[in-house]
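K.L.:
Numbers given in our numbering equal positions in the sequence shown, counted from 1, plus 7. Glycine included, each C-beta is placed from N, C-alpha and C at the ideal position. Being a predicted model, the structure only gives us computed values, none of them experimental.
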Amino acid sequence: MKSTKRLSGLLVINLLIISALACQFASQGSQQPQVTITPNTDDAVMPGIIGSSDLAGQQDALVSLYQAVSQGVVSLQLDTPIGPKQGSGFVIDTEGHIVTNYHVVERATYIEVVFQDGTRAEAIMVGSDRDSDLAVVDVELPAEQLVPLVMGDSDRVQVGQLVIAIGNPFGLGGSMSTGIVSNLARTLPSLSSIPTGGEDIFSVGDLIQTDAAINPGNSGGPLLNLNGEVIGVNRAIRTFYFSIDSNTLSTGIGFAISANVVKRIVPALIAHGQYEYPYLGVASITELDLTTAQEFGLDRTVGAYIRQVIAGGPAEDAGLQKGDLIIGVDGNEVSSSTDLAAYLLANTGPGDVITLTLLRQGEEVNLELLLGTRPEDCSC
Numbered sequence: 008m009k010s011t012k013r014l015s016g017l018l019v020i021n022l023l024i025i026s027a028l029a030c031q032f033a034s035q036g037s038q039q040p041q042v043t044i045t046p047n048t049d050d051a052v053m054p055g056i057i058g059s060s061d062l063a064g065q066q067d068a069l070v071s072l073y074q075a076v077s078q079g080v081v082s083l084q085l086d087t088p089i090g091p092k093q094g095s096g097f098v099i100d101t102e103g104h105i106v107t108n109y110h111v112v113e114r115a116t117y118i119e120v121v122f123q124d125g126t127r128a129e130a131i132m133v134g135s136d137r138d139s140d141l142a143v144v145d146v147e148l149p150a151e152q153l154v155p156l157v158m159g160d161s162d163r164v165q166v167g168q169l170v171i172a173i174g175n176p177f178g179l180g181g182s183m184s185t186g187i188v189s190n191l192a193r194t195l196p197s198l199s200s201i202p203t204g205g206e207d208i209f210s211v212g213d214l215i216q217t218d219a220a221i222n223p224g225n226s227g228g229p230l231l232n233l234n235g236e237v238i239g240v241n242r243a244i245r246t247f248y249f250s251i252d253s254n255t256l257s258t259g260i261g262f263a264i265s266a267n268v269v270k271r272i273v274p275a276l277i278a279h280g281q282y283e284y285p286y287l288g289v290a291s292i293t294e295l296d297l298t299t300a301q302e303f304g305l306d307r308t309v310g311a312y313i314r315q316v317i318a319g320g321p322a323e324d325a326g327l328q329k330g331d332l333i334i335g336v337d338g339n340e341v342s343s344s345t346d347l348a349a350y351l352l353a354n355t356g357p358g359d360v361i362t363l364t365l366l367r368q369g370e371e372v373n374l375e376l377l378l379g380t381r382p383e384d385c386s387c
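1) Please classify Glu283 as buried or exposed, where buried requires at least 16 neighbouring CB atoms within 10 angstroms.
2) To test your reading of the DSSP string, which unbroken alpha helix (DSSP H) runs of 4 or more residues are found completely within the region 261-290?
3) Hey, Gly178 and Val80 are a contact pair by Cβ (cut 8 Å); roughly how many whole angstroms apart?
4) Can you tell me whether Ile221 sits near the ligand ADP, meaning its C-beta is under 7 Å from at least one heavy atom of the ligand?
5) Check for me: the beta strand (DSSP E) holding Thr87 runs from which residue to which?
6) Do you know offhand how far Phe262's Cα is from Asp140's?
7) Taking the beta carbon of Pro176 as the centre, do at least 16 other beta carbons fall within 10 Å, making it buried, or is it exposed?
8) If you drop the 5 nearest sequence neighbours on each side, which residues of the same chain put their C-beta closer than 7 Å to that of Gly379?
9) Ignoring anything shorter than 3 residues or poking outside the region 86-129, list the beta strand (DSSP E) runs there in chain order.
10) Could you check if Asn190 is buried or exposed, using at least 16 other CB atoms within 10 Å of its CB as the buried criterion?
11) From the DSSP output, in three-state form, read off Ser321 for me.
12) Alpha carbons only, please: which of Met183, Gly134 and Thr87 is nearest the one belonging to Ala278?
13) Could you give the C-beta distance for Leu72 and Ile221, rounded to a whole number, given that I count them as a contact under 8 Å?
14) Looking at the C-beta of Gln123, does it have a partner C-beta in chain B at a distance below 8 Å?
15) Taking C-alpha atoms, which residue in Glu302, Gly224 and Leu231 lies nearest to Val188?
16) Given this structure, state the Cα-to-Cα distance separating His104 from Tyr117, to the nearest angstrom.
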């Protein structure tokens, strides 16, 4: 069972996601609609940015990067029933689609996009996803006025890599900050609940942790590598420090939705307005310490421990049981529930059949499971 301390931590992060920083579709199998997002090509890589060893060269590289990408980063100014709100976003194509966070545009009655050159345009909602905290809005502007940013490959990102965040912190449009990748494969709670009748929530993995300064208003803006490619979408910060006007302040622990998650979800949002997640129908424990593992009669702490099987869900139909420890999926090692969730998001969809390798009472078992569709929003 979750400890009170762990639940309190999740509640704090949930509050930060909603207030600190800006304040699913019918498919067959894992196929996704084909919507173009500016690809990562050799031509898109900015010359001279990587390899500058002297300070002047590094400075020039950052200046060049900002000049190349800032026109594709926008500020969002919104009206909501509870007052004005602001956030960030970035252009992904010449059709006017702009990526931002769900929590930025949530409940918006009017959205205005402000470009770096001062151009303003009214935007309409295209699609949103509560689980990943992603949304897409659209503006009507000529293609020549739009500067799409290039999406990078977040699977190639490494801890220690230098990164740049550009956005609209505290309303200061086009602000740039630098830092490094602090870690990878982090997990944050989504805004949707697991239908267990309890306090559990869905989680979303494959987030990038960074110490680049991210503050209220940065939500939805790009996290970039030194080639000017988007490797993530800034989502949240973890902090316990507040300004005099109750805004949370950056403490060097920020989270960005990885680019590869964005590339999988955003096309569905554009084509259908929502994204359909694969669904196992279990509640699992992310990490097991030695004491907990011993309590569960396990001789290892690595894997995804199933502490609850949702009645009527795919896992129950496949024969999974409480106490099973998942150690592999489709031949890939599973070290934690985060690994399992990341694999499902990146490689599967509703209707796909996966093979789970698990330990049950000390014996290794393989089970086939037909993935279902994650409930859109359920607190029942």
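P.N.:
Short version:
1) By 1-based counting over the sequence shown, the position of residue 283 is 276. Around the beta carbon of Glu283, 16 or more other beta carbons lie within 10 angstroms, which makes this residue buried.
2) Fully enclosed alpha helix (DSSP H) runs of no fewer than 4 residues occupy 266-279 of the region 261-290, in order along the chain.
3) Along the sequence shown, one-based indexing puts residue 178 at 171. Along the sequence shown, one-based indexing puts residue 80 at 73. Contact check for Gly178 and Val80: beta-carbon distance about 14 Å, past the 8 Å limit, so the pair fails to qualify.
4) Here there are no bound small molecules, and the ligand ADP is not part of this structure.
5) In the sequence shown, residue 87 corresponds to position 80, counting from 1. Boundaries of the beta strand (DSSP E) harbouring Thr87: Val80 to Thr87, taken from the DSSP string.
6) Here residue 262 refers to the residue found at position 255 of the sequence shown. Here residue 140 refers to the residue found at position 133 of the sequence shown. Cα to Cα, Phe262 sits roughly 12 Å from Asp140.
7) As a first step, residue 176 is located in the sequence shown; it is residue number 169 there, counting from the start. Buried, by the Cβ-count rule.
8) Numbered from 1 along the sequence shown, position 372 holds the residue referred to as residue 379. Setting aside the 5 residues that flank it on each side, Gly379 is surrounded in the same chain by Tyr286, Gly288, Gly320, Pro321 and Pro357, each with a C-beta closer than 7 Å to its C-beta; the list follows chain order.
9) Taking only runs of at least 3 residues, the beta strand (DSSP E) segments lying wholly in the region 86-129 are 90-98, 104-107 and 117-121.
10) The residue labelled residue 190 in the question sits at position 183 within the sequence shown. Burial call: exposed.
11) As a first step, residue 321 must be located in the sequence shown, where it is residue number 314. This sequence places Pro at residue 321; Ser is not what is there. Reduced to three states, the DSSP call for Pro321 is helix.
12) Residue 278 sits at position 271 when you count from the first residue of the sequence shown. Shortest Cα-Cα distance from Ala278 to any of Met183, Gly134 and Thr87 involves Gly134.
13) What you label residue 72 is simply residue 65 of the sequence shown in a count that begins at 1. What you label residue 221 is simply residue 214 of the sequence shown in a count that begins at 1. With a contact defined as Cβ atoms closer than 8 Å, Leu72 and Ile221 miss out at about 18 Å.
14) Of the protein chains in this structure there is only one, and it is not chain B.
15) Taking the sequence shown and counting its residues from 1, the one referred to as residue 188 is at position 181. With distances taken between Cα atoms, Val188 lies closest to Leu231.
16) Locating residue 104 in the sequence shown gives position 97, counting from the first residue. Locating residue 117 in the sequence shown gives position 110, counting from the first residue. Going from the Cα of His104 to the Cα of Tyr117 covers about 16 Å.
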